[in-house]
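Trainee: In order, the protein sequence lines correspond to chains A and B. Just so we're aligned: 327 in this note's numbering is position 327 of the first sequence, and the numbers increase by one with no gaps anywhere. Just so we're aligned: 1127 in this note's numbering is position 127 of the second sequence, and the numbers increase by one with no gaps anywhere.
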Amino acid sequence: MSPRPLKRKPPEKPVDNKKAIRNILTLLKDHKWKLILTVICAVVSTVFTIIAPLMIGNATTIIFDGINNMIHNTGTIDVDSLINILIIVVILYIVSSVFSYLQSIFLIEVTTKISYDLRERIINKILHLPMEKVEENKRGDILSRVTNDVDSLQNGITQSFIQLTTAVITLIGVFIMMLFINVWMTLATVILIPIAFLLIRFMTKYSQSYFLKQLEFKGSLNGQIEETFTGHDIIRAFNQEDISMEKFESDNENWFTQEWKSQFYSSLNGPLMNFVSNFTYVVVAVLGAVFTLQRVIAVGDIMAFFQYTQSFTRPIQQITRVMNQIQTAMAASERIFEFLEYEDEENSSNRQMSEIKEGITFTNVSFSYTPNEKIIKNLSFDVKKGDKIAIIGETGAGKTTIVKLLMRFYDIDSGSIKIDGVDIEEFDKNSLRSLIGMVLQDSWLFSDTVANNIRYGNLDASDDEIVDAAGQVYADNFIRQSKDGYESVLNEDTDNISHGQKQLLTIARTILSKKEVLILDEATSSVDTRTEKLIQKAMDKLMEGKTSFIIAHRLSTIRNADKIIVIENGEIIEQGTHEELLALKGYYYNTLNSQMKENI
Amino acid sequence: MKKLLKPMKNKIHLILFIFIFLLIQVYCDLTLPQYTADIVNIGIQNTNFEFIINLGIIMLVMVAISALSTVGVSYFSSRVSSGYAKDLRKIIYRKVLKFSNHELNDISHSSLITRTTNDVNQLQRVLGFIFTTLIFAPLLGIGSIIKVFELQTNLSWIILVNFIAVIVLLVIVMLRVLPYFKITQEIIDRINKTAREILIGIPVIKAFVRQDFEERKFRKVNKEFYDVNIYVFKTILIMLPLMTLIMNLMVVLILYFGAYDAINNGILTGDIIAFIQYATQIITSFLMIGGFLIMLPRFLVSARRISEVLNTEITITDGEITNISSNPTIEFRHVSYRYPGSEKETLNDINFSLKPGKTTAIIGGTGSGKSTILNLIPRLQDPSSGEILIDDMNIKDLNLKCLRERISFTPQKAILFQGDVRSNMKVGKADADDGEIKRALELAQVDFVDDLGEEVTQGGSNFSGGQKQRLSIARSIIGHHDFYLFDDCFSALDMNTERNIKNNLKGLKDSSILIVSQRISTIMDADEILVVDNGEIIDRGTHEKLVESCEIYREIANIQIDQMEALL
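(1) Residue 1168/B lies in the alpha helix (DSSP H); which residues open and close that run?
(2) Is the separation between the beta-carbon of residue 1101/B and that of residue 1348/B shorter than 9 Å?
(3) Let's test the definition: count the other Cβ atoms within 10 Å of the Cβ of residue 227/A and tell me whether it reaches 16, buried, or not, exposed.
(4) With a threshold of 6 Å on Cβ separation, who are the neighbours of residue 171/A within its own chain once the five nearest residues in sequence on each side are excluded?
(5) Per DSSP, what kind of secondary structure is residue 1337/B in: helix, strand or coil?
(6) Please classify residue 1261/B: is it buried, with 16 or more other beta-carbons within 10 angstroms of its beta-carbon, or exposed?
(7) Kindly list the residues whose CB is nearer than 8 Å to the CB of residue 436/A, restricted to its own chain and excluding five residues on each side of it in sequence; keep chain order.
(8) Quick one: residues in its chain with C-beta nearer than 8 Å to the C-beta of residue 525/A, no 5 flanking neighbours on either side, listed in chain order?
(9) Roughly how many whole angstroms lie between the Cα atoms of residue 1537/B and residue 1377/B?
(10) Residue 1427/B versus chain A: which residues are under 8 Å apart at the beta carbon?
(11) Any beta carbon from chain B within less than 9 Å of residue 263/A's own beta carbon?
(12) Return the chain-ordered ranges of every alpha helix (DSSP H) run that is complete within the segment 500-555 of chain A and spans a minimum of 4 residues.
(13) With the cut-off set at 9 Å, would you say residue 1095/B and residue 131/A are in Cβ contact?
(14) Which of the three DSSP states is assigned to residue 331/A in this structure?
(15) Alpha helix (DSSP H) containing residue 55/A: first to last residue?
(16) What residues of chain A sit near residue 1109/B, judged by a beta carbon separation below 8 Å?
(17) Would you say residue 390/A faces chain B, with C-beta separation under 9 Å as the test?
(18) Quick one: give me the first and last residue of the beta strand (DSSP E) that residue 1360/B is part of.
(19) Would you list the one or two residues that DSSP bridges to residue 1530/B?
(20) Taking only three categories from DSSP, how would you classify residue 1282/B?
(21) For residue 63/A versus residue 77/A, is the C-beta spacing smaller than 9 Å?
(22) Against residue 539/A, what residues of chain B qualify as contacts under a CB-to-CB distance less than 8 Å, listed in chain order?
(23) Does any residue of chain E have a CB that is nearer than 9 Å to the CB of residue 543/A?
(24) Would residue 542/A and residue 510/A be called neighbours here (beta carbons separated by less than 9 Å)?
(25) Pull the bridge partners of residue 423/A from the DSSP assignment, please.
(26) Counting only beta-carbon atoms, is residue 1152/B nearer than 9 Å to chain A?
(27) Please report whether the beta-carbon of residue 343/A lies at a distance below 9 Å from any beta-carbon of chain B.
(28) With H, G and I counted as helix, E and B as strand and the rest as coil, what does DSSP make of residue 452/A?
(29) As a quick exercise: from 480/A, 537/A, 482/A and 488/A, pick the residue whose alpha carbon is nearest that of residue 503/A.
(30) Just grab the DSSP bridge partners of residue 1555/B for me.
(31) Taking 9 Å as the CB-CB limit, is residue 206/A close to chain B?
(32) State the DSSP-derived secondary structure class of residue 285/A, mapped to helix, strand or coil.
(33) Quick check: residue 1082/B and residue 1124/B, are their CB atoms within less than 9 Å of each other?
(34) Note down the Cα distance separating residue 593/A from residue 586/A, rounded to an integer number of angstroms.
(35) Where DSSP assigns a beta bridge to residue 363/A, which residues make up the other side?
(36) Can you give me the Cβ contacts of residue 166/A inside the same chain, cut-off strictly under 7 Å, excluding the 5 residues immediately before and after it?
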């Protein structure tokens, strides 16, 4: 009478079993002693549970014999022996429960600590990975490692340890006890188990085919739902409701026909196990009675056998269930370790850099994300301390890549970038980055108070300094207008303030950090014209007296730059001041001209 | 909740089958301990081989019937729960298709998607559970209780005592743990959030060299999670050993008091054995029901979320008038719009008209209400007050299909559907032939499609933003319409392409055109430009007039044009 499994996912399978197991074992190694304790507790608890039914059987026999005597008027139930036996049974059960609890406590301490450590290791890995590795992996994939994968690993280890150890010990123990009572009854009971096992496997395979089919239809139906609801406007405006409904109904129907079958076949495990346990029950009752009559066993042994057969079928179900969980856990551990095995960002040098004295030089710099696809080709230019450099060019020309190379988010393939004549690869990366401030278009803020977000630029900044920084970028006004002022909390998607306001906050943050070199990615069309003006003013303020790289969209910025670099397909095609470039009558001149004609 | 039951109606006979099969199963299962008792009491006590074998055969028959019944239960419950889910999905889908933006404001698109998919699946799972466990467990429990009384022992109080012990244990553990479930969920959310933030912020973190700071931040949440987990697990895990102990002690009690019952009242060994089995089943079935109750809150959340969709009142009602003249005019008369629950009006007293052959443009900042004006025309939502008239008929009185046939609508966000280019274009005109499609594509400057059979993946994700906009424009201009509405749909296009498309649109000169944009260059040659700010039309006229009279317009124009002029 087991609860039936309701829905089953096909277990994910690890690619390399051996490696996954090895990895999990290394995790367990640190907790060796506690795990050994766990196993000892499991053994004690299980052994005690297994002995008890035999005693209960004896007690039953005493009662049976007593009743027999009463019927034949030769005596009565031997209450004293009965009580003695029952007291032992109670002690057995209590000890078993205590050890069973101890077992789970030790184990949960181990596995919770393992997940704690793993989560921390993953986050540290994220923080120290080279940029390209971060970008290579989908965000959702990395995140699900921190939560889902660690979780299923913890579950897998916990369950497999508790259930597998108990199940295995129980199976062996019970088998021995049953043999001890009667060989033939044991055989009759045990013979059904492998048959049931095979039947379950067969049925799982069978239902799997329906499961996969229904999965396909489910995907297509969910896809359609998603598409329709997202394109709701279009569906209505173009009178597509009926067509959409028709398509939905046919997909819905298709899914249903496969789905219910898949459910049915996979739920047959329950009835099957039910049948096995009922059948064994009958066999035990009948065979037991026959053997009792032949004086081979006592009546109480039948009673004990009932309990043993029950604890015999349960572990088998447990093992099938746990096997799936273990596979999922192994697949999860594989994903986790694959991620943890990435190399950290290399940072071998300790050479510190505190300021820039002369300037920055790019010499014949080339770079590619993937081999054979050069993003930056043979780039050379120099920047004097205090200069403003505007980088312009079409989307995808490689503008942002140039500044990321300066930050050493990526390392160049050939050529050199030097600061004051020293290759930047010779400096400590963090020291280099500490010199440079970045304001990017997708302004990253975290969901904390406005004040703390600005403080990110300088963790030691006082409240006054924060207000001052906000004031300098014209953010003080809108911050004070909101209900909690500087203590307003940005929500998780930081969408309770506008994109423009976010930009202002990131600029304030950078002002506070007092960097020597600035990298600014100018705002584009997503900000309305008036906010854009504010941001511009704030950026101008930020750049005062600093060496700045500006990825420019606004033409007034370009005009005021000390040097303009025009990038096309990763190459510099023109560089110079605004006037110099106009005089060239080249790409710069033509682009500006044609844009103007179209716009006015 | 009542609406959730509707898909059940045509399945009542199937549910009845489930019930009957469950009854048969429980009946058969319950006879087994009884027969065992007889074997012990009569067969063994009287050394009657034949009796034992005969009973054994009867028992095997019972086992077989029980097994067949469980298969029947599985069969019908799979059919009913899957069928229920199917019908429920259909009802939701049909309902959502009738939603207007008004209703969509309350429940977002993504939430509607999860409600139609995950929440329905959740209900389906629970339904399966109800059929197999929630009905089964009480039947088994009640059946066992009846059997216990039939045994006529004086031991029933032991079951009651155990029952109370189990309940006390459950209540104590639950009381200690339940508050922590919510806390755990919150911490999980925070872990997710922190991890996500770190991941997104990597460039900034590296730039500010804040790796250690972030590490500490994460460690703090992680530690909290660890502590709560340890507490919750330690509390919950005590349940299993204690529960087992209670059940085992019950057996001991039964044996002990059973012995006395035998001495004093003459019950037999078989009765005691049967009693133990029935008692165990009673407690087990109670625990099964308890297990279901733990699942219940999650089920209720899904149920509530779905009934919210089903109970949403549809605000857009269909009208009846189908005849509209061939060159109609649209007029907005004192139209205001306020989102439900919002304090401020999104649109306030909007008046203007669209005339055949004329181009009207709307300019204004983000959130000024431009798109809302457009959405009102094909009745994607209805105004809160005022009226929109076509040839002096309120559009609410018109048949929706007829109204929308007259209108071509190009939303800001270009959305394409899975299929191919041809199928997407046919959304604009169902009977369009390849020639028409190719012409429309040409007009919309779609120069990247060679073959109309070219695949379009879900949401059109295999095309770039600019390409999608051009395809979406092509879809809008493929058939003839009286009104063409373009909602800022040129934003991802470069100036050249936009100019070409606009030139091509001049071919639509018999119809009215309404363009929404943020770019002055897009709209400056319109016949009438409406300047919208904070939901109100603050000025209107031609470009030349507005540059003179409207400050906001001038400001926008100046910034955009001065930028260019400053250069030379």
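For each residue, glycine too, the CB sits at the ideal point set by N, CA and C. These numbers come from a predicted model, not from an experiment.
Mentor: So, to answer that:
(1) Taken as a continuous stretch (DSSP letters only), the alpha helix (DSSP H) holding residue 1168/B covers 1156-1200.
(2) For residue 1101/B and residue 1348/B, no; Cβs fall outside 9 Å.
(3) With 16 or more other Cβ atoms within 10 Å, it is buried.
(4) For residue 171/A, same chain residues with a beta-carbon under 6 Å away, outside a window of 5 residues either side, are 315 in chain order.
(5) Three-state result, residue 1337/B: strand.
(6) When all chains shown are included, residue 1261/B counts as buried.
(7) 406, 407, 515, 516, 517, 518 and 519, listed in sequence order.
(8) Its pLDDT being 46, under 50, residue 525/A is placed unreliably by the model, and the measurement read from it follows with that caveat. Within the same chain, residue 525/A has no close Cβ partners at all.
(9) About 17 Å.
(10) Chain A residues near residue 1427/B: 234, 238 and 240.
(11) So, interface residue.
(12) Qualifying alpha helix (DSSP H) stretches, in chain order: 529-543.
(13) Cβ distance not < 9 Å, so residue 1095/B and residue 131/A don't count as in contact.
(14) DSSP places residue 331/A within a helical segment (H, G or I) once states are collapsed to three.
(15) It spans 32-71 - the alpha helix (DSSP H) in which residue 55/A sits, taken as one unbroken run.
(16) What residue 1109/B touches in chain A: 229, 230 and 232.
(17) At a cut-off of 9 Å between beta carbons, residue 390/A makes no contact with chain B.
(18) Note, residue 1360/B: beta strand (DSSP E), 1359-1363.
(19) DSSP lists 1362/B and 1540/B as the bridge partner or partners of residue 1530/B.
(20) In the three-state reduction of the DSSP assignment, residue 1282/B falls in the helix class, which pools H, G and I.
(21) At a Cβ-Cβ threshold of 9 Å, residue 63/A and residue 77/A count as neighbours.
(22) Neighbours of residue 539/A on chain B: none; closest Cβ ~15 Å, over 8 Å.
(23) Chain labels in this structure do not include chain E; the protein chains are A and B.
(24) Closer than 9 Å, so yes.
(25) DSSP lists 418/A as the beta-bridge partner residues of residue 423/A.
(26) No, residue 1152/B does not count as interfacial toward chain A.
(27) Output row for residue 343/A: interface = no.
(28) In this structure, residue 452/A counts as helix in the three-state DSSP scheme.
(29) Measuring from the Cα of residue 503/A, the nearest candidate turns out to be 537/A.
(30) Residue 1555/B has no beta-bridge partner at all, per DSSP.
(31) By this cut-off, residue 206/A is not an interface position.
(32) Helix, per DSSP.
(33) It is a contact, given that the beta carbons lie within the stated cut-off.
(34) If you take the alpha carbons of residue 593/A and residue 586/A, they lie about 11 Å apart.
(35) DSSP output for residue 363/A lists 416/A as bridge partner(s).
(36) Hits under 7 Å: 42 and 46.
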